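Enquirer: Handing you this structure, nothing more for now.
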Amino acid sequence: MSFIVRQIAYKADGSEIIRDAGSGETIITIGRNSDNAVHLPDLAVNPAHAQVEQSADGLLSVTAISGQPFYLDGKSVTSGEIDPARGGELVFGGHNIIVSRESDSGAAILTVRRESAVSDSEEERDLGSIYTLKGKVPGKRGSAWGFVALVLIACLAWPIYSWATYKDLAYVEKAKRPDGPHGDGFWSSGSMSLAHQSLKDDCQACHVEAFVSVRDNSCMTCHDDSAHDHAAKPRLATARGEPEGFAAFQRAVANAFNKPEGACVDCHTEHEGEGAMQPVAQQWCADCHDGMDTRLTDTKILNASDFGKQHPQFRPAILQQAVAGDDEADAPRRRISLDDKPIENNGLKFPHDLHLKKGGGVAQMGRRLSARYGFGEALACKDCHTEDPSGVRFEPVDMQENCAMCHSLSFDKIGGTFRQLPHGKPELVKADLRAYFRSTSPNRPINLGSLPRQRPGDVPRTRTAADYARAVRFRPSRADQAIRAVFSDGGACYDCHSVTNNGGLDYVIAPVTQTDRYMHKGWFDHAPHEEEKCTTCHKAEDSGKATDLLLPGIATCRECHGGEKETASDVPSSCAMCHEYHADGGAPWLIRQEQKKKKSKKPKVVAQNRR
């Protein structure tokens, strides 16, 4: 160790504080900058004043760096030598540095001691009096009382005056405060959301009574058509249960400030910033729905608190009986858990696996029609299922739009026009077939023609004419055969529909009802999942029956989605992502906000039916 720098300071009682710092360098610097080995906080000392170098024989050479002199053993010099064994004294500004040698290690000791005031003139001065504003501003006591009075006036007296002046406007329809600052704005805990920006200067529109929380009737003044009670308030309170711990203290504070339990503002908090109102946090839902069956013993709602950890299996609304007509909402349905492996008979016969095979007749037909309809090497889901305009769900499969290119109903050709059986109208099918056989003649035998090569003799000609006359007479009865063929096994209707024969030609086709939404208590949007293959969630390639319900279970969704606080999952998902208790048939609040963000960045392109 070459140097030991020993700093000596003094306590208030006059006792010394000694701090040693060693340096293995052979050259150290002395100056006002803190990066010097010998730091002297004195304005009379240059930032880098001098350097001390230790020679091989142990002598110390002290040299002024900037040419500013220092004192060595009482003399003003710019350089000099000191033998640590004999000792020496350096003076820089108001600091003395005593040079000596440590007996054990032989290192040079620089003992730094402040002897006079720290100043640029080396005179005793009170630094506090130099930089103080004393005498320029009012005293501390006067200033304190002045600020107290200012706070009371600005944050209490003026707000109360503003509220008292405009409180009656709360009872006047479409009344609004005049523009300008209002004192009670100081009491606002934050900015209003975008939805309520028009009310930011109209406090009494919601805060009708002073020191009373916002009541539901204030909310319902504007939201009477878009909101409803989630549950009756007594039942809601029972579902939540009695608060415990800190929650009980919070409830007591709320009661003290006239904030009733179960109000709209319990979940929908304002003054959270100028963005969109924040969706309800998962914990707000879990407060009631976690273990709710122990408090509401008659409830049919299953417990749920976190999608990734505690959430029941999906219970889609399964069609119980297909109904005639276009309004699928009239069909009876029942919610059944997917764990019970429900089936659904919608009136159709359709094997998905046959249509999605990479080889076979269906794939071959698709390749033949690919130039016209854009099919690939084999049929894919998109070839039959078309997104609705919203991109959320899919349009019902239509015979003419999605099936007719392969499953033709043509039965006659006149010139370049094909006559087709009317789809979905069994009685018209029968009538058209009867009309066809009544209005047309059987193929004329070649023997009755005028071709030159005919069998000679009158007997063959007479026999042929008799056969043709018989075919003409019995041709209308051929319609019954055609009708049986269409509605029986192997016929055009029988292949896709459930057909019942009540005797004779009384054929009845079971009604068809296609379900476009199974999760009526939740929300699912296909658009955010467009990068995934359909078969990732819907195992259609393994389904050979139309009764198979190709809905993914909760385990499939959990491969990507976790609870609100599960940051390890690909998509942390709160309750508000799938559920909306102010149900209006649209997407939940959180989804709507995400859609608005996407639209503001890039307009959504809606997929159109290529046909």
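Mapping to the working numbering: the sequence shown position 344 is 420, numbers consecutive.
Ideal Cβ placement from N, Cα and C applies to all residues, glycine included.
Please read these numbers as outputs of a predicted model, since none were measured by experiment.
Is it true that the region 614-621 meets the region 434-442, where meeting means three or more beta-carbon pairs spaced less than 8 Å apart?
Expert: no
Enquirer: Using the Cα positions of Gly164 and Ser219, report the straight-line distance between them to the nearest angstrom.
Expert: 54 Å
Enquirer: Considering only C-alpha positions, which residue in the set Thr462, Arg443, Leu226 and Leu395 is nearest to Cys610?
Expert: Thr462
Enquirer: Please name the residue in Gly182, Gly150, Asp180 and Ser181 whose C-alpha comes closest to that of Ile173.
Expert: Gly150
Enquirer: Please report the straight-line C-alpha distance between Ser195 and Ala183, rounded to a whole angstrom.
Expert: Interpretation of Ser195 is limited by its pLDDT of 47, a score under 50 that renders its predicted location unreliable; the figure taken from the coordinates is listed afterwards. Cα to Cα, the separation comes out at about 32 Å.
Enquirer: Would you kindly report the start and end of the unbroken beta strand (DSSP E) that includes Tyr449?
Expert: Run containing Tyr449: none in the beta strand (DSSP E); it sits in the alpha helix (DSSP H), Ser446 to Tyr449.
Enquirer: Would you say the region 425-435 touches the region 452-471, given that touching needs at least three Cβ pairs under 8 Å?
Expert: yes
Enquirer: If contacts are defined as beta-carbon pairs under 8 Å, then Ala663 and Asp601 qualify, I think. What distance do you get, rounded to the angstrom?
Expert: 7 Å
Enquirer: Look up Leu136 in the DSSP assignment and give the residues it is bridged to.
Expert: Bridge partners of Leu136: Gln130 and Ile158.
Enquirer: Give me the Cα-Cα distance between Cys482 and Asp624, rounded to the nearest whole angstrom.
Expert: 23 Å
Enquirer: Are the beta-carbon atoms belonging to Thr589 and Ala407 less than 7 Å from one another?
Expert: Yes; because the gap between Cβ atoms is below 7 Å, this pair is in contact.
Enquirer: Kindly list the residues whose CB is nearer than 6 Å to the CB of Cys282, restricted to its own chain and excluding five residues on each side of it in sequence; keep chain order.
Expert: Contacts found: Val290 and Ser294.
Enquirer: Please state whether the Cβ-Cβ distance between Ala315 and Leu372 is less than 7 Å.
Expert: yes
Enquirer: So the candidates are Ala480, Pro117, Arg108 and Ile103; which of them puts its Cα closest to the Cα of Ala132?
Expert: Ile103
Enquirer: Would you call the region 626-638 and the region 388-401 in contact, with 3 or more CB pairs under 8 Å?
Expert: yes
Enquirer: As an exercise, report each continuous beta strand (DSSP E) stretch of at least 3 residues that is fully enclosed by the region 469-522, in chain order.
Expert: 486-490 and 493-496
Enquirer: Looking at C-beta atoms only, is the number of pairs between the region 632-641 and the region 445-455 that lie closer than 8 Å three or more?
Expert: no
Enquirer: Anyone know if the C-beta pair for Cys654 and Gly567 falls short of 7 Å?
Expert: no
Enquirer: With Asn122 and Gln144 assumed to form a contact (beta carbons below 8 Å), what rounded beta-carbon distance in angstroms separates them?
Expert: Under the criterion of beta carbons closer than 8 Å, Asn122 and Gln144 qualify as touching, at roughly 5 Å.
Enquirer: According to the neighbour-count rule (16 or more other Cβ atoms, all chains shown, within 10 Å of its Cβ), is Ile490 buried or exposed?
Expert: Counting Cβ neighbours within 10 Å, Ile490 comes out exposed, since fewer than 16 surround it.
Enquirer: Measure the CB-CB distance between Val81 and Ala113 and report whether it falls below 7 Å.
Expert: yes
Enquirer: Does the count of Cβ pairs from the region 349-367 and the region 327-338 closer than 8 Å reach three?
Expert: no
Enquirer: With DSSP collapsed to three states, give me the class of Phe322.
Expert: Assigned with DSSP and collapsed to three states, Phe322 falls in helix.
Enquirer: For Val399, tell me which candidate among Pro587, Asp96 and Lys425 has the shortest Cα-Cα distance.
Expert: Pro587
Enquirer: Please list, in chain order, all residues of the same chain as Tyr147 whose beta carbon is under 6 Å from its beta carbon, the five residues on each side excluded.
Expert: Val167
Enquirer: Is it buried or exposed for Lys76, if we count other Cβ within 10 angstroms and need 16 for buried?
Expert: Here the chain has residues from 77 to 687 only, and residue 76 is not among them.
Enquirer: Using only the alpha-carbon positions, how far apart do Thr154 and Arg189 sit?
Expert: 21 Å
Enquirer: In chain order, what residues of the same chain lie with their CB nearer than 6 Å to the CB of Leu666, ignoring the 5 residues before and after it?
Expert: Here Leu666 has Pro355, Ala652 and Met653 as same chain residues with Cβ atoms under 6 Å from its own Cβ, once five neighbours each way along the sequence are excluded.
Enquirer: Leaving aside the five residues before and after Ala286 along the sequence, list all residues of the same chain whose C-beta is less than 7 Å from its C-beta, in chain order.
Expert: Trp239
Enquirer: Got a sec, what are the start and stop residues for the alpha helix (DSSP H) Ala555 sits in?
Expert: Arg554 to Phe563
Enquirer: Answer with buried or exposed for Met475, where buried requires no fewer than 16 other C-beta atoms within 10 angstroms of its C-beta.
Expert: Its Cβ having fewer than 16 others within 10 Å, Met475 is exposed.
Enquirer: Residues bridged to Lys151 by DSSP?
Expert: Leu148
Enquirer: Quick check: what's the CA-CA separation for Val584 versus Phe563?
Expert: 9 Å
Enquirer: On the three-state DSSP scale, how would you describe Thr576?
Expert: Strand at Thr576.
Enquirer: Hey, could you find the ends of the alpha helix (DSSP H) Ala315 is sitting in?
Expert: Boundaries of the alpha helix (DSSP H) around Ala315: Lys309 to Arg316.
Enquirer: Compare the C-beta of Val227 against all C-beta atoms of chain C and say whether one is closer than 7 Å.
Expert: The displayed structure is made up of one protein chain only, and chain C is not part of it.
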